[in-house]
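Shown next, in structure tokens, is the structure this report addresses.
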């Protein structure tokens, strides 16, 4: 790669970043796959700016780059989708949480979905909490912070209680214990009734007590 050529393309990317027209955005999107990392860095930063308008057609091109055999290009495109935070981008990120997707892309998807307040995003993160890779679970857990789970989401989350992986069970209980829902108490209690491990029984009992303490007296009466 010619060093001067790389510097010229980097300068062009910077200039394009100052232009709020579709043609400039098209060129910046194309530069996400430039052979020079420095150029890709500039293009990514410019496209992620809040004032940059990225159309659905341009987003479709970025989505196509997620499939690139170049891992840097693929991850960069997925990260940009999270920064765009549009319905099309979010839908793609949800798809990237599927089990058949690489761990690297799943972690980027989890990070992108962490700032999305929607049931689809929450359900996708819940699915990642049961992933076999600990680093993926940790990223998903970070994205679950401060989310208020509805009944459907709590039921989906509770599937982790039946996992053969103790770490997944503990993680599931830790998320559920932050709830203030009768549904969470019922789900934890149901698991307690079939749990054989003494340590897990104590963990479940503590979680039930913690959630129960947040429930109003009227709701508590409904449990009895």
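In the working numbering, the protein residues as written are 4 to 227. C-beta atoms are modelled at their ideal positions from N, C-alpha and C, and glycine is treated no differently.
Which of the three DSSP states, helix, strand or coil, is assigned to residue i?
i	result
residue 118	coil
residue 108	helix
residue 181	coil
residue 149	coil
residue 218	coil
residue 168	coil
residue 23	coil
residue 134	coil
residue 55	coil
residue 209	helix
residue 71	coil
residue 29	helix
residue 40	helix
residue 18	helix
residue 103	coil
residue 11	helix
Within the same chain, show all residues whose beta-carbon is closer than 6 angstroms to that of residue i, passing over the 5 residues directly before and after it, in chain order.
i	result
residue 55	none
residue 46	16, 31, 34, 35
residue 111	78, 81, 82
residue 154	186
State yes or no: is the C-beta of residue i within less than 8 angstroms of the C-beta of residue j?
i	j	result
residue 140	residue 131	yes
residue 1	residue 65	Residue 1 is absent from the model: the chain starts at 4 and stops at 227.
residue 203	residue 172	yes
residue 69	residue 80	yes
residue 41	residue 13	yes
residue 150	residue 113	no
residue 87	residue 57	yes
residue 106	residue 136	yes
residue 9	residue 51	no
So, for residue i: in the same chain, excluding its five sequence neighbours on each side, which residues have a beta-carbon less than 8 angstroms away from its beta-carbon?
i	result
residue 157	179, 182, 184, 186, 187, 190
residue 174	132, 140, 144, 163
residue 125	147, 150, 152, 156
residue 116	85, 93, 96, 97, 100, 124, 127, 128, 146
residue 43	34, 35, 36, 37, 75, 76, 79
residue 166	133, 172, 175
Assign residue i to one of two classes, buried (16 or more other C-beta atoms within 10 Å of its C-beta) or exposed (fewer than that).
i	result
residue 23	exposed
residue 83	buried
residue 26	exposed
residue 100	buried
residue 74	exposed
residue 18	exposed
residue 210	buried
residue 134	buried
residue 197	exposed
If you drop the 5 nearest sequence neighbours on each side, which residues of the same chain put their C-beta closer than 7 angstroms to that of residue i?
i	result
residue 221	With a pLDDT of only 47 at residue 221, under the threshold of 50, the placement of this residue in the model should not be trusted, and no figure is reported.
residue 61	28, 29, 32
residue 53	none
residue 192	211
To the nearest whole angstrom, what separates the beta carbons of residue i and residue j, a pair I think is in contact under 8 angstroms?
i	j	result
residue 199	residue 207	Contact doesn't hold; Cβ gap of about 12 angstroms is too wide.
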